[in-house]
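To start, the structure under review is shown below, and the notes come after it.
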Amino acid sequence: MSYQQTFIYPDEELTNPVSRVPEVTPGFWLIKLMAVTMGETAADFLAVNLGLGLTATTILMTAILALVIRWQFAQRRYVPAVYWSAVVLISIVGTLITDNMTDNLGIPLIDSTIGFTILLGATFAAWFASERTLSIHEVYTARREGFYWLAILFTFALGTAVGDLISEQFGIGYLATGILFGLIIASLTLGYVTFNLGGLWAFWLCYIFTRPLGASFGDLLSQPTDYGGLGFGTIPTSLGFLAVIAITVAAMTVKRRRI
């Protein structure tokens, strides 16, 4: 009997293990960047433009996220439409969590940044202690996927705190903040390609820093000119990025069906 047939995963037996999350491709990073940008503008639209307020918006979007995450866990393999719906929603909820801590609870952004860094580190530690791996290429089981989504939630909340801390509290502005994090991501990519930076840490660091990168450009496009933005508004900006996400996900779905 072969190794593949007898290997038992931590919480279920899979004779043909199939990943529940996507491979890391240029399309992956494109949708990720669009999702985090939309997460910023959509959260602002719901809480401010629709007048729901941070608390009601957070409760509503968390409830919707819980339903979509349950839908995602019901899948036995990566399904683009389901997976990326969860990413978009978790981006919105992650943004709202940090905004609530700052605006409603009065927690300084530097404290939020430190706190979410500790929580993310604890998630990785628990993930590795349980599974002996942090590889995103081996998310075959519900337990590993649970750690994966928890880590993603904390990366969005952490990225929001870092981006707001630099762009608003430090007064650098949206454009300069976007350029700064773009350069950081470029340096991580160069380190991975040229200087043998570990792929695992390169991935998660880039995943964190794409959040403030996308949010900065989202705010640049949507915020009024009086606040340093271009004044396009949250609705056109959110719909524009949602259209890009939908088109890219549709293309991914067609490609997977052909395969």
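Here the sequence shown stands for residues -4 to 254, numbered as in my numbering.
Using N, Cα and C, we set each Cβ at its ideal position, and we do this for glycine too.
Given that a residue counts as buried once 16 or more other Cβ atoms are within 10 Å of its Cβ, and exposed if not, what is residue 105?
Answer is exposed; the Cβ neighbour count stays below 16.
Consider the C-beta atom of residue 39 and the heavy atoms of the ligand MN; say whether any pair is separated by less than 7 Å.
Looking for the ligand MN in the displayed structure turns up nothing, as the structure carries no ligands at all.
What do you get for residue 35, buried or exposed, if any count of 16 or more other CB atoms within 10 angstroms of its CB means buried?
That one is buried.
Would you mind sorting residue 67 into buried or exposed? The rule is 16 or more other CB atoms within 10 Å of its CB.
Per the 10 Å Cβ criterion, buried.
Below 8 Å between beta carbons: does that hold for residue 160 and residue 33?
The answer is no: Cβ separation not under 8 Å.
Could you tell me whether the region 221 to 232 touches the region 48 to 56, where touching means 3 or more Cβ pairs closer than 8 Å?
Flag = no, the region 221 to 232 and the region 48 to 56 do not touch.
How should residue 0 be labelled, buried or exposed, when 16 other C-beta atoms within 10 angstroms of its C-beta is the threshold for buried?
Model confidence at residue 0 stands at a pLDDT of 37, short of 50, so the residue's coordinates are unreliable; what they give is reported in the following sentence. Answer is exposed; the Cβ neighbour count stays below 16.
Rounded to the nearest angstrom, what separates residue 207 and residue 155 at their Cα positions?
Approximately 6 Å, taken between the alpha carbons.
I'd like the list of long-range same chain contacts for residue 239, defined as Cβ closer than 7 Å, with 5 residues on each side in sequence excluded.
These residues qualify, in order along the chain: 29.
Are the beta-carbon atoms of residue 58 and residue 90 separated by less than 8 Å?
The answer is no: Cβ separation not under 8 Å.
Roughly how far, in whole angstroms, is the beta-carbon of residue 184 from the beta-carbon of residue 22, given that I think they are within contact range, below 8 Å?
Their Cβ separation, rounded to whole angstroms, is 16 Å, which puts residue 184 and residue 22 out of contact at 8 Å.
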